[in-house]
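Student: Have a look at this one.
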Amino acid sequence: MWLRQPLVVALAWLSFAATASPAQTPLDTGGAPRDARFEATVAEVASSLRCPVCQNNSVEDSPSLLAQDMKKEIRQRLAAGETPDQVRSYFVSRYGEWVLTKPRAAGVNLSVWLLPILALLGGALVVWTAVRRWVRRSASPRPATETAPAADSGDLRARRAALQASLLDLEAEFAAGRLDARDLAALTERDQAELAAVNDALKQLKKDTHAVAPAAPQTATSNPMGVWLGRLGWVAGLAAFALVLVLSLRGSVAARSEGGTITGGTQVASAAPVEMELQQTGPLDSLRIAQLESRVLRDSTDVPALIELGHLYLAQGLLDKATLVDTLAIRLQPDAPATAEAFAHLGMILWSLGQTDGALKALDKALYLSPEFPEALLYRGIIFFAGLQDMRAAAQTFEHYLAVAPPDANTARVRAMLMAARQAASGQQKQ
Amino acid sequence: MKWQQWAIPVSGVPVLALLAWGLTRDARIVPSPLPGKPAPDFALATISGDSLHLASLQGQVVLVNFWASWCLACRAEHQVLVDAAKRYRDRGLRVVGVVYEDSRDNALAWIKERGGDWPNVLDVGSRTAIQYGLFGVPETFFVGRDGRIIYKQIGPLDTGVIDQWVPRLLGTDGPTAPADTFAEGRSAGHVRLSPDFPTAGGTVRRP
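Chains as they are written, first to last, in the working numbering: chain A, -8 to 422; chain B, 871 to 1077.
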């Protein structure tokens, strides 16, 4: 019966949660798919599937080639009349349940849904029993203040004996004729009331001693060491638990910084794809490109404009144009430190064209002009890492990069490559 | 009423156990549902202009190898495949390459440079890759005589893996090995690079 109330609350909470969660969007597969609705379904299915070549990204959100192909497959299957669940099942049959961004609510997975509810019920139980105990303790009749300020059972028993003796005395006084009937009645009533209160207090004390033996004040006075050790144990245990939680969850709970990884920058040795994401290019870039182009047209020796153009062209994948402006800048100022950036661009372009030697030469030149130019270090490291597979040189270069480059979107990935390079280097040594 | 004193610490034990289990697992190891199932069939154009239907190889032991010319790990692996194809050809091993996210010209140049006389098909749109639950290249599926996938290799093959599985598959005529020998393996420490890498990185400008 005591359980009924929290149970009702929990059930009410549950039913609220159930109605609050969004229902599955139904799709009418009959008839011609209305475009917007069809696309919404495609997007819904794509975001419920994980991209296999990414780190925790959905097919909908990933720009990778495989994810785009998967989205095409989703679209074709939906257009052919399959339901979203059938499409999902197809991918599960190929990739396993891993491919679902939201695990199915069945089997062991159910614990994900049930454990929080169990924890909630357990917590409610703890709170309910604690509150019940507090209420009972504060509502218990306190012995009259003037008679028993101390709740000690010895005092109470002594007081009880005294009262009982006093009642007997009153009888004797009355029998001896030293007390009239009215006084006897009043005094007897007073003593009996106090006696009842003392008895109640004794009973309560007995109950409490059974219920919360260690918390009773007499234990506190008789064995304070033990109590303090116990409390210390609790504090230490809770602190250790909190430490474990904070350390293990810090990375994953932190808001993801722009360009950060799911591990929140925590170093992970990764055998997973090392991908550099495209930098955001947008209308602002195009505007800037137009500005710079007109500057260069007016003055073809404007080296800073040429180099910035090289950067923007590269970001947009316009390798030919980037090569042109960077070569121009290099011809104009072959030995200026600022030209290091143009050499770094060229190194990157050559590497992407498969010309490893040329790329390394360009990057070395960039580092000669500006020894700590971060991008030159980064691409030099990448060439050692992915091209020449010289893992020790790669690790050294990445370390240098991380030491000189301010943290940005690439930092986490470079760290991952550094870890992989170190691992591979130690593997190479063993062989 | 003693139980309340124990309830909280005791209920912490499963939580800690769950954390200890979850935090010491490698979340990147994903078991594939495919080993033990029939190899998904495909009929695709080869890079040399023919076409190839996987079902036409039914009854033979086939290595279905997914690769790409931009894939670094595939370089080392290719030599292993050339060698395996040579050594086991007489006993009936067939190799089929599936070119993943790559062009016909790149694939032709690769084969011309590095050898290999087995058919390579072009998987335009990655439909076959998806059917095989591909996570990246290289991956290789060992198909038994009954057309079922017996072993899946994630990452580059080495001679040890070939010699562990191929003789076993070649030796079996009827329905292949019992179910508990279906497996998948992963080569250690290989790094996959995406085809967009590294030019997609662009450059960073700092003031």
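Note that beta-carbon positions come from the ideal geometry of N, C-alpha and C, so glycine has one too.
Report the three-state DSSP secondary structure of G919 (chain B) (helix, strand or coil).
Tutor: Residue state, collapsed to three classes: coil.
Student: I'd like the list of long-range same chain contacts for L305 (chain A), defined as Cβ closer than 8 Å, with 5 residues on each side in sequence excluded.
Tutor: Result list for L305 (chain A): A313, H336, M339 and I340, in chain order.
Student: List the whole-angstrom C-beta distance separating A412 (chain A) from A386 (chain A), where the pair is believed to meet the contact cut-off of C-beta under 8 Å.
Tutor: At roughly 4 Å, the Cβ-Cβ gap stays under 8 Å, so A412 (chain A) and A386 (chain A) are in contact.
Student: If we ignore side chains and look at the alpha-carbon of each, how far apart do P362 (chain A) and T894 (chain B) end up?
Tutor: Roughly 41 Å between the two C-alpha positions.
Student: Check the Cβ of P903 (chain B) against every Cβ in chain A and list those closer than 8 Å, keeping chain order.
Tutor: Residues of chain A passing the Cβ test: V83, S84, R85, Y86 and G87.
Student: V931 (chain B) and L924 (chain B): beta carbons closer than 9 Å?
Tutor: Contact: no.
Student: What would DSSP say about V995 (chain B), mapped onto helix, strand or coil?
Tutor: The sequence shown places Gly at residue 995 (chain B), rather than the Val named in the question. The answer is helix: DSSP assigns G995 (chain B) an H, G or I state.
Student: Relative to chain A, which residues along the region 1002 to 1014 of chain B have a C-beta separation below 8 Å, given in chain order?
Tutor: Within the region 1002 to 1014 of chain B, the qualifying residues are Y1002, G1003, L1004, F1005 and G1006.
Student: So is R997 (chain B) in contact with chain A if we call contact Cβ pairs under 9 Å?
Tutor: Yes, R997 (chain B) lies at the interface with chain A (some Cβ there is under 9 Å from its Cβ).
Student: Give a yes or no on whether the minimum CB-CB distance between V900 (chain B) and chain A is below 9 Å.
Tutor: Chain A contact via Cβ: present.
Student: Give a yes or no on whether the minimum CB-CB distance between P75 (chain A) and chain B is below 9 Å.
Tutor: It does not: the Cβ of P75 (chain A) has no partner Cβ on chain B nearer than 9 Å.
Student: Where do the N-terminal and C-terminal ends of the alpha helix (DSSP H) with F82 (chain A) fall, by residue?
Tutor: P75 to Y86 is the extent of the alpha helix (DSSP H) around F82 (chain A).
Student: Between G1017 (chain B) and the rest of its own chain, which residues show a CB-CB distance below 7 Å, the 5 nearest in sequence each way excluded?
Tutor: If we look at G1017 (chain B) and ignore the five residues flanking it on each side, its Cβ neighbours are P908, A909 and Q928.
Student: Does the count of Cβ pairs from the region 913 to 922 of chain B and the region 1011 to 1028 of chain B closer than 8 Å reach three?
Tutor: Cβ pair count under 8 Å is below three, so no.
Student: Give the straight-line distance between the Cα atoms of R128 (chain A) and G145 (chain A), rounded to the nearest whole angstrom.
Tutor: Their backbone Cα atoms lie some 20 Å apart in a straight line.
Student: Determine the burial state of A887 (chain B): buried for a count of at least 16 other Cβ atoms within 10 Å of its Cβ, exposed for fewer.
Tutor: Label assigned to A887 (chain B): exposed.
Student: Got a sec? Which residues, its chain only, sit under 7 Å from G251 (chain A) by beta carbon, not counting five neighbours each side?
Tutor: Residue placement at G251 (chain A) is poorly supported in this model, since its pLDDT is 43, which falls under 50; the coordinates still yield a value, given next. Contacts found: A403.
Student: Going by the beta-carbon positions, is the gap between L40 (chain A) and E51 (chain A) smaller than 9 Å?
Tutor: Yes, Cβ-Cβ distance for L40 (chain A) and E51 (chain A) is below 9 Å.
Student: Compare the Cα-Cα distances from V1078 (chain B) to each of A:A172, A:A233 and A:P325 and report the closest residue.
Tutor: A query on residue 1078 (chain B) cannot be resolved here, the shown segment of chain B reaching from 871 to 1077 and no further.
Student: Please tell me whether E332 (chain A) and G301 (chain A) are closer than 9 Å, where the distance is taken between their beta carbons.
Tutor: Their beta carbons are under 9 Å apart, which means E332 (chain A) touches G301 (chain A) by this criterion.
Student: Any beta carbon from chain E within less than 9 Å of A887 (chain B)'s own beta carbon?
Tutor: Checking the listed chains, one finds no chain E in this structure; the protein chains it contains are A and B.
Student: Within the 9 Å Cβ cut-off, does I1000 (chain B) reach chain A?
Tutor: Output row for I1000 (chain B): interface = yes.
Student: Within 10 Å of its beta-carbon, does V237 (chain A) have 16 or more other beta-carbons around it, so buried, or fewer, so exposed?
Tutor: By the 10 Å Cβ count, V237 (chain A) comes out exposed.
Student: Closer than 7 Å by C-beta to N442 (chain A): which residues in its own chain qualify, once you throw out the five before and the five after it? Chain order, please.
Tutor: An answer regarding residue 442 (chain A) cannot be provided, because it is not within the stretch -8 to 422 covered by chain A.
Student: So with CB distances below 8 Å, who are the chain A contacts of S881 (chain B)?
Tutor: The answer, in chain order, is G113.
Student: Run through chain A and tell me which residues come within less than 9 Å of L942 (chain B), C-beta to C-beta.
Tutor: Simply A377, G378 and Q380.
Student: Out of A:K197, A:R383 and A:S55, which has the shortest C-alpha to C-alpha gap to V44 (chain A)?
Tutor: Among A:K197, A:R383 and A:S55, the Cα nearest to that of V44 (chain A) is on A:S55.
Student: By the criterion of Cβ-Cβ separation under 8 Å, what are the contact partners of K63 (chain A) in chain B?
Tutor: Simply G995.
Student: Which residues mark the beginning and the end of the beta strand (DSSP E) in which G967 (chain B) is found?
Tutor: Segment L963 to V969, the beta strand (DSSP E) holding G967 (chain B).
Student: Could you pull out every unbroken alpha helix (DSSP H) segment of at least 4 residues lying fully inside the region 312 to 385 of chain A, listed in chain order?
Tutor: Runs of the alpha helix (DSSP H) inside the region 312 to 385 of chain A: 331 to 343, 347 to 360 and 365 to 373.
Student: On the premise that V965 (chain B) lies in contact with W988 (chain B), defined as a C-beta separation below 8 Å, what is that separation, rounded to the nearest angstrom?
Tutor: Sure, about 4 Å apart at Cβ, within 8 Å.
Student: Determine the closest residue to G1003 (chain B) out of B:P905, B:L889 and B:G882, with distance taken between C-alpha atoms.
Tutor: Comparing Cα-Cα distances from G1003 (chain B) to each of B:P905, B:L889 and B:G882, the minimum goes to B:P905.
Student: What are the boundary residues of the alpha helix (DSSP H) that includes F29 (chain A)?
Tutor: That run of the alpha helix (DSSP H) goes D26 to S38.
Student: Using DSSP with H/G/I as helix, E/B as strand and the rest coil, what is W937 (chain B)?
Tutor: Reduced to three states, the DSSP call for W937 (chain B) is strand.
Student: Pull up the CB-CB distance for V969 (chain B) and A977 (chain B), whole angstroms please, since I reckon it's below 8 Å.
Tutor: The Cβ separation is near 5 Å, so the contact holds.
Student: Under a three-way DSSP split, which group does Q1023 (chain B) fall into?
Tutor: Strand, per DSSP.
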